[in-house]
Amino acid sequence: MRVGFGPTWRKKRVNLTVVHQRFLSRMALELKELGYRMRRLLIALGFTVAYLQLGCSDAPTEVSVDEATETQQEPAQAKQQGDTPYVLQPTERAKATLDVDHTRPLAKDSVTAERSFTPMSNEAHWVTLKSGQTVSSLLSKQGFSSQQIANLAIALRKVVPLNKLQAGSIIAIDEVAGQRQVSLAGEYAIRVDALLRGDDWQVTKTKVPTRIEVAEHAIVINHSLYGDGAAAGIPGDVINSALLALSHFIDFQRQVYSGNRFEVVFERTLVTEDEALFAHQQTPLKPTYLRFKNSDDDLRLYRYNDAFYLEDGRLAESFLLKTPLNGARLSSHYGQRKHPLLGYTRMHKGIDFSAPAGTPIMAAGNATVKRADWYSTYGNAVVLQHDDGYETLYAHLKGFASDIKPGVKVKQGQVIGFLGNTGLSQARHLHYEVYKNGKSVNPLNLKKLTTERLAGQELAQFIAFVEGLEDRTMRLAQFASGDSAIYLPPLTAEAR
1 MRVGFGPTWR KKRVNLTVVH QRFLSRMALE LKELGYRMRR LLIALGFTVA YLQLGCSDAP
61 TEVSVDEATE TQQEPAQAKQ QGDTPYVLQP TERAKATLDV DHTRPLAKDS VTAERSFTPM
121 SNEAHWVTLK SGQTVSSLLS KQGFSSQQIA NLAIALRKVV PLNKLQAGSI IAIDEVAGQR
181 QVSLAGEYAI RVDALLRGDD WQVTKTKVPT RIEVAEHAIV INHSLYGDGA AAGIPGDVIN
241 SALLALSHFI DFQRQVYSGN RFEVVFERTL VTEDEALFAH QQTPLKPTYL RFKNSDDDLR
301 LYRYNDAFYL EDGRLAESFL LKTPLNGARL SSHYGQRKHP LLGYTRMHKG IDFSAPAGTP
361 IMAAGNATVK RADWYSTYGN AVVLQHDDGY ETLYAHLKGF ASDIKPGVKV KQGQVIGFLG
421 NTGLSQARHL HYEVYKNGKS VNPLNLKKLT TERLAGQELA QFIAFVEGLE DRTMRLAQFA
481 SGDSAIYLPP LTAEAR
């Protein structure tokens, strides 16, 4: 038995060894091929990084606005004493190409100090950026050289990036003291002037005179606050601000009925000079008073120092929003239910909101992002960590807002993602969960308000502000549904 067993065992051992050797040889070849491919990839990446850092040596003669804006680097040499602010020096000026290593740096503030307002002259030429047109081609048609345009893009890159201008933007071309000047709208009511000196530009900011227009509206809700408000002429931005402020107290899925009343007072800032320059910009709107009245509540909110307060000076904010999106329908409640896809009954630990795909989803409260990625059956999901042991989860998202990643701090009402239909989901909706110390709670039952309130002199000033609005709010309460009024308060000395 031992003699017969020995050779057979050795033969099998030899066969196994051969198999192992073939397997190892094949693995060695595959690893070698993989290493070769990785080396090629790393070499390609190295060339790419070097190209991006150094720039293309044989760039075209004409430099576009995009190239001038994007390739400008920090200076290799310190600013020399006595240089004219924000002007490219003639000896450092780009010739046939934009040499980023020899370009004068911009000052930290990008522009000189603001100067007193001077209106555009009657001879100013106004041009509009058309759809599909580049700023380079527009300015070239106005007689500016490619070098002047490139230098202008560099001079304005931190104030009004020319490659970010949208169709409909207005550019004014004027002549000041025999020099050509290009003017654009910066922030609202801030005119940015670039004065040409040779091929260089000197940039200044000018505050344009403004005045405040006050508008009052009252509506009786028939279908929805947003739809009825828009039909009555209330701007969408005002309605969204009102929804966000009121959602701390009002559940717009269960507490809004036909016959409820909504009143709003808001301010609109209007420029009184160079209006055409700012025609394409959104006029800043600021609600100052909100009232929502139903059978149970008569809620009045006052905007003071960029926050809403109740009449007694308490900050009008809840710890968490009841509904973290606008214009949605509550499609599924918290509690036991039959799962629409799995077919059996189980605990539904959140609430669902149905709305169009891409609807912005807001952070329910101030928080730190705990995760923002694919989360099993939740699909794309965001989890936020709040104070006092609270967590909120937002699931089935189409995508995430920019900069939303673990560790980032977000504020209440900040957009964190967009409604979608990812993960184990039957239709587009937001699945929203709230946890307290790891245990799920019904989001609609939360009534935790902030304890912050005004005090001392600040409270006295707020009370005076509320009393100053009393005549207006009393008149507004007499408005019929759909009534509105617009007032132009007297100009202040500053506005004059």
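In this text, residue positions in the sequence shown follow UniProt numbering: the first is 1, and each later residue adds one. Ideal Cβ positions, reconstructed from N, Cα and C, are used throughout, including at glycine.
- Beta-bridge pairing by DSSP links ILE361 to GLY417.
- If you draw a straight line from the Cα of ASN163 to the Cα of LEU184, it is about 13 Å long.
- In the structure shown, the three-state DSSP call for GLY143 is coil.
- Across the structure, ASN437 and ALA395 are spaced so that their CA atoms are roughly 20 Å apart.
- With the rule of 3 Cβ pairs closer than 8 Å, the stretch 261–276 counts as touching the stretch 463–482.
- Minimum Cα-Cα distance from ASN151 among the listed residues PRO287, TYR304, ALA381 and VAL182 corresponds to VAL182.
- Shown here for ALA279: same chain residues with a beta carbon closer than 8 Å to its own, the five before and five after excluded, namely ILE170 in chain order.
- Judged by beta-carbon spacing, TYR304 lies beyond the 8 Å limit of THR473, meaning their Cβ atoms are not closer than that value.
- Here the stretch 359–377 makes no contact with the stretch 450–460; the two share fewer than three CB pairs at distances below 8 Å.
- Counting only residues of its own chain and dropping the five nearest sequence neighbours on each side, LYS409 has a CB closer than 6 Å to the CB of THR368.
- Comparing C-alpha distances from PHE144 to each of VAL159, GLU123 and GLN179 shows the shortest one belongs to GLN179.
- The beta carbons of LEU320 and LEU243 sit no closer together than 8 Å.
- When C-alpha distances from ARG314 are compared across ASN222, ALA460, MET120 and VAL135, the shortest belongs to ALA460.
- The continuous alpha helix (DSSP H) containing LEU225 extends over residues 225–231.
- Residue pairing by DSSP places PHE400 opposite GLY417 in a beta bridge.
- Distance from the Cα of ASP251 is smallest, within the candidate group ALA218, PHE353 and GLU267, for PHE353.
- A direct Cα-to-Cα measurement between VAL176 and GLY168 gives close to 25 Å.
- One Cα belongs to LYS370, the other to GLN414, and the distance between them is close to 15 Å.
- Distances from the alpha-carbon of PRO119 to those of VAL127, LYS411, THR392 and THR272 put THR272 closest.
- If you look at ASN240, you'll find it in the alpha helix (DSSP H) that goes 236–246.
- Your pair ILE351 and TYR226 does not check out as a contact, with CB atoms roughly 20 Å apart and the cut at 8 Å.
- Proximity to GLY468 across ASP237, GLU311, GLY233 and SER247 peaks at GLU311, based on C-alpha coordinates.
- Around the beta carbon of LYS322, 16 or more other beta carbons lie within 10 angstroms, which makes this residue buried.
- Taking 8 Å as the cut-off, the Cβ atoms of LEU139 and ILE149 count as close.
- A Cβ-Cβ distance of about 6 Å is found for the pair LYS405 and ALA372, placing them in contact under the 8 Å criterion.
- Taking the CA atoms as reference points, TYR188 sits about 34 Å from VAL382.
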